[in-house]
Amino acid sequence: MKLEKHISALLYRYQCVSVPGFGAFLTEIRPAHADAGTHTFYPPKKLISFNANLKNNDGLLANHIALQEKISYDQAVENISREVEEWFFTLETGKGLKLKDLGDISFNSEKNIVFIPDTPVNYLTDSFGLGMVVSPAIKREELKQVVEKLEESTPIAFTPERRKNYSYLKYAAVFVTALFAGTAGFKVYRDNQAAQQTLLVEQAVQEKVQQRIQEATFFIDNPLPAVAISVKEDAPKILPYHVVAGAFRSEANAQRAVGQLKAKGYDAKMLEKNKFGLYPVLYGSFATHSKAYKNMMEIRRTNDKEAWLLIKEL
């Protein structure tokens, strides 16, 4: 199994892909820009970075591998762990680790991970089909020399009468020049305002991205805005956020785990067998993400470091 191909597939849709026990690959959007030295225009793209401190299993990579490889979630977690061990063994031997379409990873003298991105593909789906464009430089000096030669070869002379009759052209030229200068100045002012507003928007977006990265928990999609609906008081309460303790092949083992969790005071329950033939066991279900996340972090701190969030309406 090549983990890098699964990581690459997820980076098209998510800002962070965590590899349990190793670190997380993060993305940041860089806007379109031009290289004045090579006269090349580049489209927007996602820049890839690596954070060795985000090692927790958020379930994203394992669930993706389980679906793609048609194996169980537990088997996917085991396969990830095995390949991470091979990565560390390669790094310990002093060899660099080259991950296709992601970059190069190696140890420095202090045994810290050093990541050098190498992304020939653009993971930003909004830029699909866009490539770099090379534009020839504008040869202003050569055109100026041509005009000067034309002026030298065909000098223009005015008689006193013609200069008197067409003297108003001088004032018209001054007026047109002043009008053009005013228009150009106003355009520069408007362009500077637009650039400042764009920079403020980009900074706000990057602050939100960094805030989500620090939370170290990522979701498939942003939740839709809440919609107020009038319902009867006896309508069942929707609890779409669940803290998962594990999944068992044996129903008897799952029931035993539920009993043990209830004895510890959790509102535990067992779900029906899923398509992988496993019985998921929950610590509890919650109506909001904030409550579920807070409960999961408390469980990780006191009881089970492998607890993870499941978002699904049961």
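The sequence shown begins at 1198 in this note's numbering and counts up one residue at a time. All C-beta atoms, glycine included, are put in the ideal place defined by N, C-alpha and C. The model shown is predicted, which means the values in this text are computed figures rather than measured ones.
Taking residue 1201 as the centre and dropping the five residues before and after it, the same chain places the C-beta of 1296, 1297, 1299 closer than 6 Å to its C-beta, in chain order. DSSP places residue 1225 in the uninterrupted beta strand (DSSP E) bounded by 1220 to 1227. Checking the DSSP bridge columns, you'll see residue 1238 partnered with 1231, 1330. For residue 1281, the enclosing alpha helix (DSSP H) starts and ends at 1270 to 1289. Counting only the Cα atoms, residue 1229 lies some 42 Å from residue 1436.
Here residue 1484 is not near residue 1506, since their CB atoms are 8 Å or more apart. Going by DSSP, residue 1202 is part of the alpha helix (DSSP H) stretching over 1200 to 1208. Assigned with DSSP and collapsed to three states, residue 1476 falls in strand. Leaving aside the five residues that flank residue 1273 on each side, the residues in its chain whose CB is nearer than 6 Å to its CB run, in chain order, 1259, 1262, 1263. For the 8 Å CB-CB criterion, residue 1223 and residue 1248 form a contact. Relative to the Cα of residue 1275, the nearest Cα in the group 1309, 1218, 1288, 1287 belongs to 1218.
Residue 1211 sits in coil when the DSSP states are folded into three classes, being neither helix nor strand.
Residue pairing for residue 1482: DSSP places it in a beta bridge opposite 1439.
In the structure shown, residue 1511 adopts coil according to DSSP, grouped into three states.
Going by C-alpha positions, residue 1486 is about 17 Å away from residue 1464. For the pair residue 1246 and residue 1266, the CB atoms are not nearer than the 8 Å cut-off. Taking residue 1468 as the centre and dropping the five residues before and after it, the same chain places the C-beta of 1476, 1477, 1478, 1479, 1511 closer than 8 Å to its C-beta, in chain order. Taking all protein chains shown into account, residue 1332 has fewer than 16 neighbouring C-beta atoms within 10 Å of its C-beta and is therefore exposed.
The beta carbons of residue 1288 and residue 1303 sit closer together than 8 Å. Between the C-alpha atoms of residue 1451 and residue 1504 there is a straight-line separation of about 15 Å.
The C-alpha of residue 1508 is placed about 27 Å away from the C-alpha of residue 1280.
Excluding its 5 nearest sequence neighbours in each direction, residue 1439 has C-beta neighbours in its own chain below 6 Å: 1479, 1482, 1507, listed in chain order. Exclusion of the five residues before and after residue 1221 leaves 1213, 1215, 1248, 1251 as the residues of its chain whose Cβ lies within less than 6 Å of its Cβ. In the DSSP assignment, residue 1303 forms a beta bridge with 1311. For residue 1296, the uninterrupted beta strand (DSSP E) segment begins and ends at 1294 to 1296. With contacts defined by Cβ atoms closer than 8 Å, residue 1454 and residue 1462 do not form a contacting pair. Per DSSP, residue 1450 is one residue of the alpha helix (DSSP H) stretching across 1448 to 1460.
Annotation for residue 1320: 1208, 1209, 1243 place their beta carbon closer than 6 Å to its own, counting only its chain and skipping 5 residues before and after.
It is roughly 24 Å from the alpha-carbon of residue 1235 to the alpha-carbon of residue 1388. With fewer than 16 other Cβ atoms inside 10 Å of its own Cβ, residue 1286 counts as exposed. With a cutoff of 8 Å on beta-carbon distance, residue 1313 and residue 1301 are scored as near each other. Nearest neighbour of residue 1204 by Cα position, chosen from 1307, 1345, 1256, turns out to be 1256. Per DSSP, residue 1259 is one residue of the alpha helix (DSSP H) stretching across 1257 to 1266.
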